[in-house]
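Step one of this worksheet: look at the structure below.
2 protein chains.
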Amino acid sequence: MNFIEERILKDGIVAKGNVLKVDSFLNHQMDISLLEEIAKEFKSRFNDKKIDKILTIESSGIAIACMCAKEFNVPMVFAKKSKSINIEGDVYSAEVESFTHKTINHVIVSKKFIKAHENILIVDDFLANGCALQGLISIVQQADAKVEGIGIVIEKGFQDGGKIIRNLGYQLESLAIIDDMNDLTKEIKFR
Amino acid sequence: MNFIEERILKDGIVAKGNVLKVDSFLNHQMDISLLEEIAKEFKSRFNDKKIDKILTIESSGIAIACMCAKEFNVPMVFAKKSKSINIEGDVYSAEVESFTHKTINHVIVSKKFIKAHENILIVDDFLANGCALQGLISIVQQADAKVEGIGIVIEKGFQDGGKIIRNLGYQLESLAIIDDMNDLTKEIKFR
Numbered sequence: 148m149n150f151i152e153e154r155i156l157k158d159g160i161v162a163k164g165n166v167l168k169v170d171s172f173l174n175h176q177m178d179i180s181l182l183e184e185i186a187k188e189f190k191s192r193f194n195d196k197k198i199d200k201i202l203t204i205e206s207s208g209i210a211i212a213c214m215c216a217k218e219f220n221v222p223m224v225f226a227k228k229s230k231s232i233n234i235e236g237d238v239y240s241a242e243v244e245s246f247t248h249k250t251i252n253h254v255i256v257s258k259k260f261i262k263a264h265e266n267i268l269i270v271d272d273f274l275a276n277g278c279a280l281q282g283l284i285s286i287v288q289q290a291d292a293k294v295e296g297i298g299i300v301i302e303k304g305f306q307d308g309g310k311i312i313r314n315l316g317y318q319l320e321s322l323a324i325i326d327d328m329n330d331l332t333k334e335i336k337f338r
Numbered sequence: 148m149n150f151i152e153e154r155i156l157k158d159g160i161v162a163k164g165n166v167l168k169v170d171s172f173l174n175h176q177m178d179i180s181l182l183e184e185i186a187k188e189f190k191s192r193f194n195d196k197k198i199d200k201i202l203t204i205e206s207s208g209i210a211i212a213c214m215c216a217k218e219f220n221v222p223m224v225f226a227k228k229s230k231s232i233n234i235e236g237d238v239y240s241a242e243v244e245s246f247t248h249k250t251i252n253h254v255i256v257s258k259k260f261i262k263a264h265e266n267i268l269i270v271d272d273f274l275a276n277g278c279a280l281q282g283l284i285s286i287v288q289q290a291d292a293k294v295e296g297i298g299i300v301i302e303k304g305f306q307d308g309g310k311i312i313r314n315l316g317y318q319l320e321s322l323a324i325i326d327d328m329n330d331l332t333k334e335i336k337f338r
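Here the protein sequences come in this chain order: A and B. FYI, the numbering for the first sequence is 148 to 338, going by the numbering used here. FYI, the numbering for the second sequence is 148 to 338, going by the numbering used here.
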């Protein structure tokens, strides 16, 4: 069992509707030492790749991307959620459906901040159905840049996102993959 | 002229409607070395204070708060924007008007993550009319915790937020205070 799986068992809360609450250490209150450890682990897993930039999506990806940017010594960019697609000017955009909030957002990145042929590492806290990730991949492709890898802290292995992304041929590294969880018994099964 | 003022002159863009765009280094693409320097500067300015936790508001405050949390060696919490006040359970909340988007948000922090008598350092990227900051202060007060200080990267000195917060007696440290800017001449006057 690795450090993320241990922390999930210690402080994660399994709630109804296949929700795993990790808000005490990952996406509301943040444990910075843990984020540093996550960044070091991604650095080791993508050690053979040349990474020019870290890309994530607001909000809970930002702190993780921030520590990764420090570890890889590159800039970080976060995609913004926007209700309207046109107001923000010269942007790449994608449609993203939120699993948690059941809403559709436009996700935008200014064209200034992803350049052609840049090597991008995408990071985020959760991977479930993969909609957010597909939006980020689309944005990188629109920029004619390259997704060198994808680092996820917690993958919900019982949803389809991970399978889809791996089938597309990307190197997807999820630090913890949950194959099953039960809000009655509070049991969590890791892959 | 300090390092933030220099960077604003180098990479900031003065736009219509008293908007200063710093999205190439502070709130869309992030320069992590700069964020580290910001965190070190806040540490030195609040060096006499005991800080238990860093508090900010999503989204652009998160990266700054993250590096501050590392520098102060404490956890970080970010307040979440929420359309509805009631759905999130046991939370402290405040109403905040966005200067940029002209919308009203509820801002919430789970009661678990700010405890009575904790000493809180609030940080954010911008201070304009002070609405976001007043919301965060209100949340800290609801928790019966103490605002030990407030660290802002860029204060718009021609708006009222800074004056209000200082009049309330808080130690407010703004790394750059802009007293005037002109989108035609592109001139920026620092205090």
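Glycine is no exception: its CB is placed at the ideal position from the N, C-alpha and C atoms.
Cβ neighbours of Lys187 (chain A) within its own chain (closer than 8 angstroms, five residues either side excluded): Glu218. A check of alpha carbon separations from Val254 (chain A) across A:Glu265, A:Asp326, A:Ala241 and A:Phe172 identifies A:Ala241 as the nearest.
The residues Leu182, Glu183 and Ala186, in chain order, have a CB closer than 6 angstroms to that of Met214 (chain A) in the same chain once the five nearest residues on each side in sequence are set aside.
Chain B places a beta carbon closer than 8 angstroms to that of Glu205 (chain A), counting this residue as a contact. Taking the CA atoms as reference points, Ile198 (chain A) sits about 15 angstroms from Tyr317 (chain A). Looking at the backbone, the Cα of Arg154 (chain B) and that of Asn194 (chain A) are separated by about 32 angstroms.
A:Gly296 is the residue among A:Thr250, A:Gly282, A:Gly296 and A:Gly236 whose C-alpha sits nearest the C-alpha of Glu265 (chain A).
Between the beta-carbon of Lys293 (chain B) and that of Ile267 (chain B) there is about 7 angstroms, and that keeps the pair under the 8 angstroms contact cut. For Lys258 (chain B), same chain residues with a beta-carbon under 8 angstroms away, outside a window of 5 residues either side, are Asp237, Val238, Tyr239 and Ala290 in chain order.
Across the structure, Glu320 (chain A) and Arg192 (chain A) are spaced so that their CA atoms are roughly 7 angstroms apart.
Sequence-distant Cβ neighbours of Arg338 (chain A) in its own chain, meaning closer than 7 angstroms and more than five residues away, are Gly304, Ile324 and Asp326. Per DSSP, Leu202 (chain A) is one residue of the beta strand (DSSP E) stretching across Lys200 to Ile204. Its Cα nearest to that of Lys228 (chain B), the residue B:Ser206 stands out among B:Lys249, B:Ser206 and B:Leu173. Nearest to Asp170 (chain A) by alpha-carbon distance, out of A:Ala210, A:Lys200, A:Glu334 and A:Lys336, is A:Ala210. Neighbours of Phe260 (chain B) in chain A, taken as residues whose beta carbon is under 7 angstroms from its own, are His175 and Gln176 in chain order. Put simply, of B:Met328, B:Gly309, B:Gln306 and B:Lys262 the residue whose alpha carbon is nearest the alpha carbon of Ile286 (chain B) is B:Lys262.
Asn149 (chain B) is positioned such that its CB atom lies no closer than 8 angstroms to that of Leu274 (chain B). Closest in alpha carbon position to Asn276 (chain A), among A:Phe172, A:Ile251, A:Glu244 and A:Val300, is A:Glu244. In the displayed model, Lys293 (chain B) falls within a strand according to three-state DSSP. Comparing alpha-carbon positions, the option among A:Val166, A:Thr203 and A:Ser180 lying closest to Val221 (chain B) turns out to be A:Ser180.
By the neighbour-count criterion, in which 16 or more other beta carbons inside 10 Å mark a residue as buried, Asn329 (chain A) falls on the exposed side. Per DSSP, the unbroken alpha helix (DSSP H) holding Ile185 (chain B) starts and ends at Ile179 to Arg192.
If you check each beta-carbon in the segment 154 to 171 of chain A against every beta-carbon of chain B, the ones closer than 8 angstroms belong to Asp170 and Ser171. Beta-carbon to beta-carbon, Phe225 (chain A) and Thr203 (chain A) are separated by about 5 angstroms, close enough to satisfy the 8 angstroms threshold. Straight-line measurement puts the Cα of Ile160 (chain A) at about 14 angstroms from the Cα of Ile151 (chain A). The closest CA to that of Met177 (chain B), considering only A:Ile201, A:Thr332 and A:Lys336, is found on A:Ile201.
Here DSSP, grouped into helix, strand and coil, assigns Ser245 (chain A) to coil.
Interface with chain B (8 angstroms Cβ-Cβ cutoff): Ser257 (chain A) is included.
Comparing C-alpha distances from Ile312 (chain B) to each of B:Gln281, B:Gly164, B:Asn165 and B:Phe172 shows the shortest one belongs to B:Gln281. Taking Gly308 (chain B) as the centre and dropping the five residues before and after it, the same chain places the C-beta of Leu274, Ala275, Asn276 and Gly277 closer than 6 angstroms to its C-beta, in chain order. Residue contact check for Lys227 (chain A) against chain B: a CB pair falls below 8 angstroms. In the structure shown, Leu280 (chain B) adopts helical secondary structure according to DSSP, grouped into three states. Close CB contacts of Ala216 (chain A) within its chain, under the 7 angstroms cut and outside five residues either way in sequence, are with Ile201, Pro222 and Met223 (chain order). The residue from B:Leu173, B:Lys336 and B:Gln288 with its alpha-carbon nearest to that of Ile299 (chain B) is B:Leu173.
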